[in-house]
Every structure is written in C-alpha cells, then in structure tokens.
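S.K.:
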Amino acid sequence: MSKISKVVVVFIVFLIILVLMMQSQGAKVAALSIQFENETTEPEVKAILENYNIPVNYTIDYNSNISRGKYYIKADEDKINELRKDENWTSVVELKKGNYNIIMLSAEFVPDENFLTILEKNNLQLKKAVVCYVHFGDGSPEWVVGKNCVLEKDAIRIKNELETNEKVLTVGLDYIEG
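When we follow the numbering used here, the leftmost residue of the sequence shown carries the number 6, and every step to the right adds one.
#1: Taking all protein chains shown into account, decide if Glu82 is buried (16 or more other Cβ within 10 angstroms of its Cβ) or exposed.
#2: Just to confirm, are Tyr76 and Lys133 a CB contact at a threshold of 8 Å?
#3: Applying the criterion that 16 or more other CB atoms from any shown protein chain within 10 Å of the CB defines a buried residue, is Ala80 buried or exposed?
#4: Tell me whether Ser145 is buried or exposed, calling it buried when 16 or more other Cβ atoms sit within 10 Å of its Cβ.
#5: Check Met26 in the structure and name its three-state DSSP category.
#6: Tell me, which residues are paired with Ser145 by DSSP?
#7: Report all residues from its chain with a CB closer than 8 Å to the CB of Glu157; omit the five preceding and five following residues, and keep chain order.
#8: Pick from Glu99, Lys102, Leu88: whose alpha carbon is nearest that of Asn119?
#9: Looking at the structure shown, is Lys172 part of a helix, part of a strand, or coil, going by DSSP?
#10: Where does the unbroken alpha helix (DSSP H) through Ile122 begin, and where does it stop?
#11: Which class does Val50 belong to by DSSP, given the choice of helix, strand or coil?
#12: Could you have a look at Arg99 and say whether DSSP puts it in helix, strand or coil?
#13: For Ile163, does the three-state DSSP call read helix, strand or coil?
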C-alpha cells in the first residue's frame, strides 16, 4: 500500500470515529409524553404508535398522571374568536389542528362557574385528555442510544409525525440530563 493510500485510510477512520463521537454526544431523549383526545383507548394508542418508525423498543404508561396539561376544548376558529371577546375568558395554550383549534388547560385547572357559563353559552365541552408516557428501551439504567433512548433528531421526527395524527393533541420530549 502506498503512503498516500495509508494516509487516506487513516483519515477515513478518523472521520468515522469523529462522526460516531458526535452522534453519541447529541441530546438524548428517554421518553415521550403524549396527550390523546378524550376516550382514546389503550389498544388505539398502541395501534397509533405502531404506525410510526420508533427505532427502539418501548413501553406505554397508559392514562398516566405525569403530564401537566390534562383538560382541553376543541373549537373552530369562529368559536375561538367569540371566546376571546368575552371579558372573563383567558386562554392558556391554543394549538391549530386541522380545521379546528385545541385550547389546552393545565392539570391544576379547576373550572369555575364563570368558565362553565362561557362554555355553555358557546356550546363547547370541556374534555379530559388521555395522557400516555412512552418509555424508550427496557428500563436499563445505562443510557445507550438505540437501546433505551433516541437521539433528539429522531425524537423530533417521531414527535412531528405523531402530531399529524388526528387523535394526538400534544407530544412532549423527556430529555436525559447530562
């Protein structure tokens, strides 16, 4: 092998090691917190997740208490505009989903009489989200990418794909510290 060939081989090996090191140093995600529409069943959740390319094994904590937002209102843009006109209305988080908006309310939210009156006046229902916590991997304490966690870029891809599903309200990423 010529001297130039040896240099090229060493350079290629160096690049491979550098790429592997950069991948291992990327942000890692251990789980997803997914809020589904009211009355989404556990078999439906499993079927939805099977349709996405999740690169590791995972377990599902169905109807978990781990997430902040639990309540939501589903309304079209006209209803949202009407709610905004009401002096007692305070919006928390609004998400556009297809032809309607989702108004997310915190888990600490307790509807008072004024709020319920506003909903009734606008023919809207307060619904409770089904929260599922999806743990990546087998529960091993060692955070190995591709075994019990995924890189941030893969988690963001999964999140974006899941959010296109009609039954999915929100998806949160649970990062590993360090």
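Idealized CB from N, CA, C, for every residue including glycine.
Here the structure is a predicted model, which means the values were calculated and not measured.
M.R.: In this structure, then:
#1: exposed
#2: yes
#3: buried
#4: Exposed.
#5: The pLDDT assigned to Met26 is 47, lower than 50, so where the model puts this residue is not dependable; a value taken from the coordinates is nonetheless given after this. Met26: helix per DSSP, three-state reduction.
#6: Partner(s): none; Ser145 has no beta bridge.
#7: Gly31, Ala32, Lys33, Val34, Leu178, Tyr180
#8: Leu88
#9: coil
#10: The sequence as given places Thr at residue 122; Ile does not occur at that position. Residues 118-126.
#11: helix
#12: First, the amino acid is wrong: residue 99 is Glu here, not Arg. Here Glu99 sits in strand by DSSP.
#13: helix
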